[in-house]
Amino acid sequence: MAGLSRRSFIGVGAAFAAAVPEGARGAEAEAAARNPFLGTGGAPFRAGEPCLQAPGETTMGVSWAVSGLAKGVVEFADNPEFRNSKTVKSGGYGLVPIDTAALGVRLEGLRPATRYWYRTVTTPFTDYSNIYDAKMGEAVVGKVHSFKTLGAAAEGHVAMFCDTHAKASVCQMVAAKVKELKPSVAVWNGDATNTTQDKATAVKIFLDQPIDDADYSAEIPVCFESGNHDFRGSWISRKEEVVMPRHPAERDSSEWDLKWNFAVRVGDIALVGMDTGEDKPDAHPKWFGLANFEPYRRAQTAWLEKALSRPDIAAAKFKVVCCHIPLQPIDPENDDDGSTITPHGYARWQGECYRMWNPVLERHGVQLVLAGHRHRYHYNAPDANHSWHQVIGGGCDFGPGLFPTVVDCKVEDGRLHVVTYDVSQNTVVGDFTIA
Ligand SMILES: [Fe+2]
Ligand SMILES: [Fe+2]
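So in our numbering, the last spot in the sequence shown is 436, and the numbers never skip.
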């Protein structure tokens, strides 16, 4: 830009426009009119309900859908009257990110196991074509919601669901049950999506579900773990634009790319999230060379050892590990463990993860593994090789033995009570306690 003043740089677009033929200029104007990053053009604007993501003891993510170019802040306070409230912008230092589809704000410096009240304030840019003269629409002030941060003093109560696969009727059954159970945190244990080729699809699934009880996650924070489908599609590698990763301060520099692994205290429960990745070996021709999950699983083995050794995690009476693909088969004789390349095979359970992670789970006394992927409820009791229970949640399919589930894990009288609900019938299909 040497030799060009700021003002002359701004004028470049106009100069270019003057130099192009009439017809092309019309096409350019039309393209500009369609570019949502140039503003809403005064079209009706909508900001969705907030979704609590990546919850921690002292941090909370707030993400929400927007219908056009907008900026957003979150106002929060430790009292419903918003006395001494704080206002937090999205992003980190420097330029505040704006977007045409989703906004996210991370609250930091919170107190553990403490209730906060909050609301989003979203302002559309009606015209951003001139950066020194952008025009803003009217701010949309969201409803007041509240949440409680996690921590050792929080209620030991976790609910897990999985394999909703963007089926609205299933998402509604799950959301209604989670809302009724009111856990301290919900775990969305993978296969939220099918194949994601654009951001709008991801926003609809994660932030703007077309269901009655979509607002459950405005008050109940959600920890997300990817399933194999959450790695499919030409857009999905950008999912952190919609699903907030864990706070970077939770991991050290060697773990920079473990963005969604979590280890948090939820009362007497240490809740740990692992990612089993795709369901076929990395060298499978169906991945076109795009799979890099084997080193990812190995890196998580080292992270798991460290996470379970953390004093606050080690001190928890109950240790619960969530991952999408089960660590034990339903049918030990016939279930593919995902370690060999075959034309139609895929991991019914994750043998590589079991072999790497089980010694760590055993060493640290993990009592429960929560998984999904099989689209059918199943319970694996501890056996000679592993001392943890495994509950596999149901998915989005219906039929004999097929139904969606919510697995409720609650500390009651010093025991972990694990109840699995068939949320299509609201019946209990599994019930056991861990002392
Ligand atoms: Fe699935
Ligand atoms: Fe799956």
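Where is the CB? At the ideal position from N, CA and C, for every residue including glycine. All of these numbers come straight from a predicted model, not from anything done at the bench.
For the beta strand (DSSP E) that residue i lies in, which residues bound it at each end?
i	result
T310	The identity of residue 310 in the sequence shown is Ser, whereas the question assumes Thr. Taken as a continuous stretch (DSSP letters only), S310 belongs to no beta strand (DSSP E), being part of the alpha helix (DSSP H) at F294 to S310.
V322	F319 to C323
K87	K87 to K90
I206	Counting along the chain, I206 falls outside any beta strand (DSSP E), though it belongs to the alpha helix (DSSP H) covering K200 to F207.
Y119	R116 to D128
T421	R416 to D423
R247	Element bounds for R247: n/a, residue is neither H nor E.
I435	T428 to I435
L104	A103 to L108
C224	V223 to F225
R266	F263 to V267
S64	M61 to A66
M161	H158 to F162
D409	T406 to E413
So the alpha helix (DSSP H) residue i belongs to, where does it begin and stop?
i	result
M174	A169 to L182
Using a Cβ-Cβ cutoff of less than 6 Å, which residues in the same chain neighbour residue i once the five nearest sequence positions on both sides are dropped?
i	result
A153	R266
I326	T277, A348, Q351 and H374
D409	A160, L182 and V420
Y380	V392 and G431
H365	L309
H158	P184, S185 and K411
K168	C397
Let me check you understand the geometry: is the CB of residue i closer than 6 Å to at least one non-hydrogen atom of ligand 2?
i	result
H166	no
G352	no
H285	no
H374	yes
N229	yes
In chain order, what residues of the same chain have a beta carbon less than 8 Å from the beta carbon of residue i, not counting five sequence neighbours either side?
i	result
A317	A153, R266, D269, I270 and A271
R252	L259, N262 and W304
For residue i, is the classification buried or exposed, using 16 other Cβ atoms within 10 angstroms of its Cβ as the cut-off for buried?
i	result
P22	Any answer about P22 is weak, because its pLDDT of 47 lies below 50 and its placement is not dependable; what the coordinates show is given next. P22 should be labelled exposed.
F1	There is simply no residue 1 to check, as the chain begins at 2 and stops at 436 in what is shown.
T165	buried
I132	exposed
K72	buried
D313	exposed
I342	exposed
G415	exposed
V171	buried
V429	exposed
A436	exposed
Q198	exposed
F38	exposed
A103	buried
S64	buried
D394	The amino acid at residue 394 is misidentified as Asp; the sequence shows Gly. When all chains shown are included, G394 counts as buried.
F162	buried
Would you say residue i touches ligand 1, meaning its beta carbon is less than 6 Å from a heavy atom?
i	result
G234	no
G278	no
D192	yes
G396	yes
Counting only the same chain and skipping the five closest in sequence on each side, list residues whose C-beta sits under 7 Å from that of residue i.
i	result
D213	Q173
N335	none
V424	M174, V175, K178, P405, T406 and V407
V74	T88, V89, K90, V106 and V122
P98	S91 and G92
Please find out if some non-hydrogen atom of ligand 3 comes closer than 6 Å to the beta-carbon of residue i.
i	result
I342	Questions concerning ligand 3 fall outside what the structure shown contains, since the ligands it does hold are ligand 1 and ligand 2.
Subject >> In chain order, each alpha helix (DSSP H) run of at least 4 residues that lies wholly inside the region 338-403 >> reply: Contiguous alpha helix (DSSP H) elements confined to the region 338-403 occur at 352-364, taking only those with 4 or more residues.
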